[in-house]
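Asks:
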Amino acid sequence: MSNETVIGRFAPTPSGFMHAGNLLCAMLAYLSAKSKGGKFIIRIEDLDALRCPRSSALEIIDTLAAVGIKSDEPIVWQSERTSAYKSAERLLKSHAEIYPCYCTRAELHAPQITRLPDGGILYPQTCKKLSAEQREEKEKSVKPSFRISVPDEIITFTDGIRGEQRQNLALGCGDFIIRRSDGVYAYQLAVVVDDGESGVTEVVRGADLLYDTPRQIYLQRLLGLPTPKYYHIPLVCDFSGRKLSKSEGDSAQRLLKTFTARQIIGELAFAANIIAEPKPMDIDELIPPYSADKVPKDKIFLTDMFMK
Ligand code: GLU
Numbered sequence: 253m254s255n256e257t258v259i260g261r262f263a264p265t266p267s268g269f270m271h272a273g274n275l276l277c278a279m280l281a282y283l284s285a286k287s288k289g290g291k292f293i294i295r296i297e298d299l300d301a302l303r304c305p306r307s308s309a310l311e312i313i314d315t316l317a318a319v320g321i322k323s324d325e326p327i328v329w330q331s332e333r334t335s336a337y338k339s340a341e342r343l344l345k346s347h348a349e350i351y352p353c354y355c356t357r358a359e360l361h362a363p364q365i366t367r368l369p370d371g372g373i374l375y376p377q378t379c380k381k382l383s384a385e386q387r388e389e390k391e392k393s394v395k396p397s398f399r400i401s402v403p404d405e406i407i408t409f410t411d412g413i414r415g416e417q418r419q420n421l422a423l424g425c426g427d428f429i430i431r432r433s434d435g436v437y438a439y440q441l442a443v444v445v446d447d448g449e450s451g452v453t454e455v456v457r458g459a460d461l462l463y464d465t466p467r468q469i470y471l472q473r474l475l476g477l478p479t480p481k482y483y484h485i486p487l488v489c490d491f492s493g494r495k496l497s498k499s500e501g502d503s504a505q506r507l508l509k510t511f512t513a514r515q516i517i518g519e520l521a522f523a524a525n526i527i528a529e530p531k532p533m534d535i536d537e538l539i540p541p542y543s544a545d546k547v548p549k550d551k552i553f554l555t556d557m558f559m560k
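Convert by adding 252 to the 1-based position in the sequence shown; the result is the number in the numbering used here.
#1: Strictly by DSSP, which residues pair up with Pro352?
#2: Under a Cβ-count criterion, where at least 16 other Cβ atoms within 10 Å of its own Cβ denotes burial, should Ala272 be classed as buried or exposed?
#3: Rounding to the nearest angstrom, what Cα-Cα distance links Ala309 and Glu332 in this structure?
#4: On the DSSP letters alone, give me the boundaries of the alpha helix (DSSP H) that Tyr482 sits inside.
#5: Tell me the rounded alpha-carbon separation between Lys288 and Val258.
#6: Is Arg457 near ligand 1 - that is, is its Cβ less than 6 Å away from at least one heavy atom of it?
#7: Expressed to the nearest angstrom, what Euclidean distance is found between the alpha-carbon atoms of Gly561 and Cys353?
#8: In whole angstroms, give me the CA-to-CA distance for Asp556 and Asp490.
#9: Nearest CA to the CA of Ile293: which residue from Lys392, Ile406, Phe262, His484?
#10: Measuring only from the beta carbon, is Ala263 closer than 6 Å to any heavy atom that is part of ligand 1?
#11: List the DSSP bridge partners of Gln419.
#12: Could you tell me which whole beta strand (DSSP E) segments of length 3 or greater appear in the region 461-541?
#13: Could you name the residues of the same chain whose beta carbon sits closer than 7 Å to that of Arg514, not counting the 5 residues immediately before and after it, in chain order?
#14: Consider the C-beta atom of Glu297 and the heavy atoms of ligand 1; say whether any pair is separated by less than 6 Å.
#15: Please report the distance separating the alpha-carbon of Ala521 from that of Asp447.
#16: DSSP state of Tyr437, grouped into three classes?
#17: I'd like to know if Ala422 contacts chain C, where contact means its C-beta is closer than 7 Å to some C-beta of that chain.
#18: If you measure from the CB of Val488, is any heavy atom of ligand 1 nearer than 6 Å?
#19: Report the partner residues of Ile552 according to the DSSP bridge assignment.
#20: Here's a check: name, in chain order, each residue in its chain whose Cβ is nearer than 6 Å to the Cβ of Ser267, leaving out the five neighbours to either side.
#21: From the DSSP output, read off the bridge partner residues of Val328.
#22: Looking only at its own chain, which residues have a Cβ that is under 7 Å from the Cβ of Ala544, when we skip the five neighbours before and after it?
#23: Buried or exposed, going by whether 16 or more other CB atoms sit within 10 Å of the CB of Ile276?
#24: Would you call the region 436-446 and the region 330-348 in contact, with 3 or more CB pairs under 8 Å?
#25: Where does Ile365 fall in DSSP's three states?
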């Protein structure tokens, strides 16, 4: 083990209410960094200004603070980092082919297009094959998104919770979007640039992003950035197995009106198997008992306290 400072982060997209599952994820990211004597930072992933109002972001920050989760560094706002993403795009261009894609939603979701396990599509490289004249023609009526070419290469990594992972980029992900047609940089690019700039050494986040990780590792390599250690925590659901939503009913804000922060933290820690009995606790009291080995691998079931 090197003796570099551990830097962990929680990076919510403020597109709705924060639910108990998001709070649990933030708690584990915080505990993971702090249990190694590290720093913890918060980054607001508000790339999409229309979907991510400032008020939702501020509510998330308040909710986190209410349970004792604060950023050790000034909060990073992705909406303020476009120039960093632009520079990264320029650098990527010198290492890989980036091409405009004029395909419509309907074309991308046609029945013959292969679906990926994460709900995305395997892009058939339609626009990669266009001639300069065809591009020029399309340019007149369509604003393109931009895709990066991926090699026929297997990316492997060891997830701290899920173990060995491997994905062939060409077959399991395909050429993916790094800048949308409305000019907004894609999550995949922004997350890599920001983790790199903040010196993030470990990423604790939901398993819904496990499948995206190889393409992020690919971008890290092209940009000459180190790959953090990943810990993908399983889906958090209620005891009937229902996935939580970002609607008000499941919101962490609602919980804070009914329960104390200590009660919520204690119950979440119990649900994540960090402590054996649910009991009110301050988040920092959980630093010593925390270990990624204790976190369930398949599903985390919330206790009845979280149900309406
Ligand atoms: N912003 C993403 C989300 O809220 C998480 C990104 C990440 O942790 O890499 O789902």
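From the three backbone atoms N, C-alpha and C, an ideal C-beta is built for every residue, glycine too.
Replies: According to the structure data:
#1: Phe398
#2: buried
#3: 14 Å
#4: No alpha helix (DSSP H) holds Tyr482; the beta strand (DSSP E) holding it covers 481-485.
#5: Taking the straight line from one Cα to the other gives about 7 Å.
#6: The answer is yes for Arg457.
#7: Residue 561 lies beyond the residue range present for the chain, which begins at 253 and ends at 560; the question has no answer from this structure.
#8: 8 Å
#9: Phe262
#10: yes
#11: The beta-bridge partner set that DSSP reports for Gln419 consists of Ile407.
#12: 481-485, 487-489
#13: Pro532, Met533, Asp534
#14: yes
#15: 26 Å
#16: strand
#17: Structure shown: chain C not included; a single protein chain is present.
#18: For ligand 1, no non-hydrogen atom lies closer than 6 Å to the CB of Val488.
#19: DSSP lists Val488 as partners of Ile552.
#20: Arg303, Cys304
#21: Arg295
#22: Ser284, Gly412, Ile413, Tyr483
#23: Note that residue 276 is Leu in the sequence shown, not Ile. Buried is the call here.
#24: yes
#25: coil
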